[in-house]
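Colleague:
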Amino acid sequence: MKLRTIFMSMLVIAALTSCNNDDVDHHGGPQMADVDVAYLSIKIETQPTTRASGSTERPGTNESDLKALYLITFDEHGMVVGIPGTTNYVTMLSTSSTTPEAIKVSKNAKQLLVIANPDGMLKNAINSISVTSSFSSINAAITGTTKNEVIDNPNSISKGFTMINSGPDEEAEGKVTNLLIDISNSLKDNEDEAEANRVPVSLERLAAKLDLQEKPGGATTKQEGASFTFGR
Numbered sequence: 070m071k072l073r074t075i076f077m078s079m080l081v082i083a084a085l086t087s088c089n090n091d092d093v094d095h096h097g098g099p100q101m102a103d104v105d106v107a108y109l110s111i112k113i114e115t116q117p118t119t120r121a122s123g124s125t126e127r128p129g130t131n132e133s134d135l136k137a138l139y140l141i142t143f144d145e146h147g148m149v150v151g152i153p154g155t156t157n158y159v160t161m162l163s164t165s166s167t168t169p170e171a172i173k174v175s176k177n178a179k180q181l182l183v184i185a186n187p188d189g190m191l192k193n194a195i196n197s198i199s200v201t202s203s204f205s206s207i208n209a210a211i212t213g214t215t216k217n218e219v220i221d222n223p224n225s226i227s228k229g230f231t232m233i234n235s236g237p238d239e240e241a242e243g244k245v246t247n248l249l250i251d252i253s254n255s256l257k258d259n260e261d262e263a264e265a266n267r268v269p270v271s272l273e274r275l276a277a278k279l280d281l282q283e284k285p286g287g288a289t290t291k292q293e294g295a296s297f298t299f300g301r
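70 is the number of the first residue of the sequence shown in our numbering; add one for each residue after it.
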């Protein structure tokens, strides 16, 4: 009888081990437990115009269009938090709405990063996010934003500018230190409650526009041998 009890215990342990292995997606890493789920809803504050931080230039047509939104959540240490019930670490919304539907997030999520219309190196960095990613690694890709969006016709950017959420307004020369949005008190138990308590997200372009025009009467030069010295 005692031997039979030991044998049954071993079978139970083996079954539990098998169940744990089934929870792992071998193509995308460990799956987040669905019991960890919470809901988050945002309200984009960028329409009908956008601007670059610290800039007062007038916006052009279509530059504030939302083509795709990428939402990434982080814990209190700045590490990426996965989406419950999936092997994903990013929520992508193909929407032009400034009030998209609530999304599923982990209850461990404390901070939020929102990126609109990414391209080039930044989009590749987003698609490569994994369990080991941090805000620092994603932030490093922001400088790789493709230059195509700033050499295109500045009065009609049909594909939309790459935009990212901002913190409080700062002077142009100020250093942004609080880019991530605090959502620690904004997670809800269901979608309806989340949509009734939306988190405001202000988006700003990563690039400012510079428009050059030829001087009437033609260009002029300084005297021969003149030069400029640039310093920091």
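C-beta atoms are modelled at their ideal positions from N, C-alpha and C, and glycine is treated no differently. Just so it is clear, the structure is predicted and the values come from calculations on it, not from any experiment.
CA-CA distance, THR156 and SER199?
Modeller: Position 87 of the sequence shown, counted from the start, is the residue given in the question as residue 156. Position 130 of the sequence shown, counted from the start, is the residue given in the question as residue 199. Roughly 9 Å separates the two Cα atoms.
Colleague: Here's the rule: buried if 16 or more other CB atoms are within 10 angstroms of the residue's CB, otherwise exposed. What is SER235?
Modeller: Taking the first residue of the sequence shown as 1, we reach residue 235 at position 166. Buried is the call here.
Colleague: Could you tell me the alpha carbon to alpha carbon distance between SER203 and PRO169, rounded to whole angstroms?
Modeller: Position 134 of the sequence shown, counted from the start, is the residue given in the question as residue 203. Position 100 of the sequence shown, counted from the start, is the residue given in the question as residue 169. Whole-angstrom Cα-Cα distance: 25 Å.
Colleague: Let me know the secondary structure DSSP gives LEU249 once reduced to three states.
Modeller: Taking the first residue of the sequence shown as position 1, residue 249 is located at position 180. It is coil, neither helix nor strand.
Colleague: Measuring alpha carbon to alpha carbon, tell me which residue in THR160, LYS173, LEU272 is nearest PRO153.
Modeller: Position 84 of the sequence shown holds residue 153. The shortest C-alpha separation from PRO153 is found at LYS173.
Colleague: Suppose the cutoff is 6 Å on Cβ atoms and the five residues either side in sequence are ignored; what does the same chain contact list for ALA185 look like?
Modeller: On the sequence shown, position 116 is the one that residue 185 refers to. Counting only Cβ-Cβ distances below 6 Å, and skipping sequence neighbours, we find LEU135, LEU138, MET232, LEU272.
Colleague: Between ILE113 and THR164, what straight-line distance do the alpha-carbon atoms span, to the nearest angstrom?
Modeller: If you number the sequence shown from 1, residue 113 lands on position 44. If you number the sequence shown from 1, residue 164 lands on position 95. For ILE113 and THR164, the distance between alpha carbons rounds to 11 Å.
Colleague: Looking at the strands, I want to know which residues DSSP matches up with LYS173.
Modeller: Working through the sequence shown from its first residue, we reach residue 173 at position 104. DSSP lists TYR108 as partners of LYS173.
Colleague: For THR160 and LEU140, which I take to be in contact (beta-carbon distance under 8 Å), what is that distance rounded to the nearest angstrom?
Modeller: Mapped onto the sequence shown, residue 160 falls at position 91. Mapped onto the sequence shown, residue 140 falls at position 71. Between LEU140 and THR160 the Cβ distance is about 4 Å, and since that is below 8 Å, they are a contact.
Colleague: Are the CB atoms of SER110 and ASN266 nearer to each other than 9 Å?
Modeller: The count along the sequence shown starts at 1 and reaches residue 110 at position 41. The count along the sequence shown starts at 1 and reaches residue 266 at position 197. Yes.
Colleague: So, helix, strand or coil for ASN186, using DSSP?
Modeller: Locating residue 186 in the sequence shown gives position 117, where the first residue counts as 1. Correct three-state label for ASN186: coil.
Colleague: Tell me the rounded alpha-carbon separation between GLU239 and ASN259.
Modeller: Along the sequence shown, one-based indexing puts residue 239 at 170. Along the sequence shown, one-based indexing puts residue 259 at 190. Residue placement at GLU239 cannot be trusted, given a pLDDT of 48 that sits under 50; the coordinates are not used to answer.
Colleague: On the three-state DSSP scale, how would you describe GLU260?
Modeller: Indexing the sequence shown from 1 puts residue 260 at position 191. If DSSP states are grouped into helix, strand and coil, GLU260 belongs with the helices.
Colleague: Please list the terminal residues of the continuous alpha helix (DSSP H) segment that includes PHE230.
Modeller: Numbered from its first residue, the sequence shown carries residue 230 at position 161. Run containing PHE230: none; DSSP gives neither H nor E here.
Colleague: Should THR142 go down as buried or exposed, given a rule of 16 or more other Cβ atoms within 10 Å for buried?
Modeller: As a first step, residue 142 is located in the sequence shown; it is residue number 73 there, counting from the start. Classification for THR142: buried.
Colleague: Quick one: give me the first and last residue of the beta strand (DSSP E) that TYR211 is part of.
Modeller: As a first step, residue 211 is located in the sequence shown; it is residue number 142 there, counting from the start. Residue identity check: residue 211 is Ile in the sequence provided, not Tyr. Where ILE211 is concerned, there is no enclosing beta strand (DSSP E), given that its DSSP letter is neither H nor E.
Colleague: If you draw a straight line from the C-alpha of ASN196 to the C-alpha of PRO285, how long is it?
Modeller: The count along the sequence shown starts at 1 and reaches residue 196 at position 127. The count along the sequence shown starts at 1 and reaches residue 285 at position 216. So the two alpha carbons sit approximately 48 Å from each other.
Colleague: Can you check DSSP and say which residues form a bridge with PRO285?
Modeller: Numbered from its first residue, the sequence shown carries residue 285 at position 216. In the DSSP output, where bridge partners are listed per residue, PRO285 has none listed.
Colleague: What residues in its chain sit with their C-beta under 8 Å from that of ILE211, if we drop five residues either side in the sequence?
Modeller: Taking the sequence shown and counting its residues from 1, one reaches residue 211 at position 142. Hits under 8 Å: LEU191, ILE233, LEU275.
Colleague: In angstroms, rounded to a whole number, what distance separates the CA positions of GLN180 and ASP188?
Modeller: Here residue 180 refers to the residue found at position 111 when the sequence shown is read from its first residue. Here residue 188 refers to the residue found at position 119 when the sequence shown is read from its first residue. For GLN180 and ASP188, the distance between alpha carbons rounds to 23 Å.
Colleague: Just curious, the beta strand (DSSP E) that TYR139 is in, first and last residue?
Modeller: The count along the sequence shown starts at 1 and reaches residue 139 at position 70. 138 to 143 is the extent of the beta strand (DSSP E) around TYR139.
Colleague: Let me check understanding here. Comparing Cα to Cα, which of SER133, ASN208, GLY151, VAL149 lies closest to SER166?
Modeller: Sequence index remark: in the sequence shown, residue 166 carries index 97 (1-based). Checked all of SER133, ASN208, GLY151, VAL149; the closest Cα to SER166 is SER133.
Colleague: Which value, in whole angstroms, describes the spacing of the CA atoms of GLU145 and ALA178?
Modeller: Along the sequence shown, one-based indexing puts residue 145 at 76. Along the sequence shown, one-based indexing puts residue 178 at 109. C-alpha separation (whole angstroms): 8 Å.
Colleague: To the nearest angstrom, how far is the alpha carbon of ALA107 from that of VAL270?
Modeller: On the sequence shown, residue 107 is found 38 positions in, with the first residue counted as 1. On the sequence shown, residue 270 is found 201 positions in, with the first residue counted as 1. In a straight line, the C-alpha of ALA107 is about 19 Å away from that of VAL270.
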